[in-house]
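Every letter in the sequence shown is one number past the one before it in the numbering used here, and letter 87, counting from 1, is 170.
Even for Gly, the Cβ is constructed at its ideal location relative to N, Cα and C.
This one's a predicted model, so the numbers in the text were calculated from it and none came from an experiment.
First up is the structure itself, then whatever we jot down about it.
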Amino acid sequence: IITDIDLTEAAGFHRASRAAATLVLCRHSSPLEYGQVLTGDDGKVRSFVEKPAWSQVLTDTVNTGIYFLTAKAMEGVPEGTAYDFSRDLFPKLLEQGAPLYGHIASGSWWDIGDCGAYLDCAAQVLSGRSGIDLGLPLRAPGIWAAEEPPADVTLVPPCWIGPGVTLGAGSLLGPHAILGRGSSVGRRSLVQRSVLMEEARVGDRCTLYGAVLCRGASAGR
């Protein structure tokens, strides 16, 4: 995940509620994709709904996968076997009547567990909606680059161009193009809404849209 949730605030809630476990929750516009947690006005967990159908959607608060757990709560986790917090431990604690709480946090939270979600998050970050420091000089509005981009390349913001990147003449990058360290784009190529990880290579006259090239991967002409 990528998040700017204030964990200090969540930890304070956990201590003040004297919870055995506290689940950090957030409000989400697509609750179908995530486990839902129903809480009372005091934050105490009432029930769980794992990836519900629309008919089961009772709240927009979802489980972020961020937890505060006491040592006592962890005593229920067996060693040497697969054991899931949300499917195994928390329902068990709820059944036992242990103080289980949910803290609805403010801030941004993105699941980046698949390529589509990863690209969506990348676009949000480049659009300045996360508050994340992009770590490179701002060469022009919406253009972060380790070195000054060549004049014979067209850049449509936002773009992020890491150190040691090679850009071929006549290529067009962006919007939402991220080029990792040592990656390269050939001549007269188009890269939009895509991420090139370290040392990834795009050949001449190549078109990429909505793509993630892993480290060292290449796309030919």
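Helix, strand or coil at Ala104 according to DSSP, with G and I counted as helix: As a working note, residue 104 is residue 21 in the sequence shown. Residue state, collapsed to three classes: strand.
Euclidean distance between Cα positions of Ala260 and Gly225: Along the sequence shown, read from residue 1 onward, the residue named residue 260 stands at position 177. Along the sequence shown, read from residue 1 onward, the residue named residue 225 stands at position 142. Their backbone Cα atoms lie some 11 angstroms apart in a straight line.
Three-state secondary structure assigned by DSSP to Ala99: Indexing the sequence shown from 1 puts residue 99 at position 16. Helix.
Contact under 8 angstroms by Cβ, Gly251 with Val239: Taking the first residue of the sequence shown as position 1, residue 251 is located at position 168. Taking the first residue of the sequence shown as position 1, residue 239 is located at position 156. Result no, Cβ atoms of Gly251 and Val239 do not sit closer than 8 angstroms.
Cβ shell of Arg284 (< 6 angstroms), same chain only, five flanking positions each side left out: Position 201 of the sequence shown, counting from 1, holds the residue named residue 284. Cβ neighbours of Arg284 beyond the five flanking positions: Ser267 and Ser301.
Three-state secondary structure assigned by DSSP to Ala156: As a working note, residue 156 is residue 73 in the sequence shown. Helix at Ala156.
Segments assigned beta strand (DSSP E), at least 3 residues, entirely inside the stretch 213 to 261: 221 to 223, 226 to 228 and 242 to 244
Rounded C-alpha distance that separates Ala234 from Ser169: Residue 234 sits at position 151 when you count from the first residue of the sequence shown. Residue 169 sits at position 86 when you count from the first residue of the sequence shown. Going from the Cα of Ala234 to the Cα of Ser169 covers about 52 angstroms.
Every unbroken alpha helix (DSSP H) within the stretch 151 to 196, with a cutoff of 4 residues, ordered by chain: 154 to 157 and 173 to 179
C-alpha gap between Glu231 and Val278, whole angstroms: Your numbering for residue 231 matches position 148 in the sequence shown. Your numbering for residue 278 matches position 195 in the sequence shown. Taking the straight line joining both Cα atoms gives about 20 angstroms.
Secondary structure of Tyr201, DSSP reduced to three states: What you label residue 201 is simply residue 118 of the sequence shown in a count that begins at 1. If DSSP states are grouped into helix, strand and coil, Tyr201 belongs with the helices.
8 angstroms Cβ cutoff met for Arg110 and Thr86: Reading the sequence shown from its first residue, position 27 is the one you call residue 110. Reading the sequence shown from its first residue, position 3 is the one you call residue 86. No, Cβ-Cβ distance for Arg110 and Thr86 is not below 8 angstroms.
Spatial distance of Ala94 from Gly211 (CA atoms): Residue 94 sits at position 11 when you count from the first residue of the sequence shown. Residue 211 sits at position 128 when you count from the first residue of the sequence shown. Going by the C-alpha atoms only, they are around 27 angstroms apart.
Cβ pair Arg101, Pro182 closer than 8 angstroms: In the sequence shown, residue 101 corresponds to position 18, counting from 1. In the sequence shown, residue 182 corresponds to position 99, counting from 1. Yes.
Nearest-angstrom Cα separation, counted from Leu273 out to Arg304: On the sequence shown, position 221 is the one that residue 304 refers to. On the sequence shown, position 190 is the one that residue 273 refers to. Their backbone Cα atoms lie some 11 angstroms apart in a straight line.
Own chain, CB closer than 6 angstroms to Ala200, minus 5 neighbours either side, in chain order: Against the sequence shown, residue 200 aligns to sequence position 117. For Ala200, where only same-chain residues beyond five positions count, the Cβ hits under 6 angstroms are Asp194.
Straight-line Cα distance separating Tyr150 from Leu176: Locating residue 176 in the sequence shown gives position 93, where the first residue counts as 1. Locating residue 150 in the sequence shown gives position 67, where the first residue counts as 1. Straight-line Cα distance between these residues: approximately 14 angstroms.
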